[in-house]
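Each residue of the sequence shown is one higher than the one before, counting from 589 in our numbering.
Note sheet for the following structure.
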Amino acid sequence: MEFREIYCHNCHKILGKYNVKFYSETQIAEIIQTIHADHIKIGHHVEIRRKKSK
């Protein structure tokens, strides 16, 4: 299964994992803007990674 992972470099935390099959890249961007906006506002670097589960 493949998924996208939202990762904060400053906190060194995974903020969320979302299945590629159900969430498009546009939907992930909307999630970041609404749910994880506080990380961006305080200057944290948030990255979207594409991962495969084992």
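Think of the CB as a built atom: it goes at the ideal place given N, C-alpha and C, for glycine as much as any other residue.
> What number of angstroms, rounded off, separates the C-alpha of Glu542 from the C-alpha of Thr622?
Replying inline: What the structure shows of the chain is the stretch from 589 to 642, and residue 542 is not part of that stretch, so it cannot be assessed.
>> Once DSSP output is grouped into helix, strand and coil, what is the label at Lys629?
In response: helix
> In three-state DSSP terms, what is Ile602?
Replying inline: Here Ile602 sits in strand by DSSP.
>> Assuming the contact rule is C-beta atoms closer than 8 angstroms, Ile628 and Ile594 should be a hit. Round their C-beta distance to whole Å, please.
In response: No, Ile628 and Ile594 are not in contact; Cβ-Cβ is about 11 angstroms, not under 8 angstroms.
> So what does DSSP say about Ile620, is it helix, strand or coil?
Replying inline: helix
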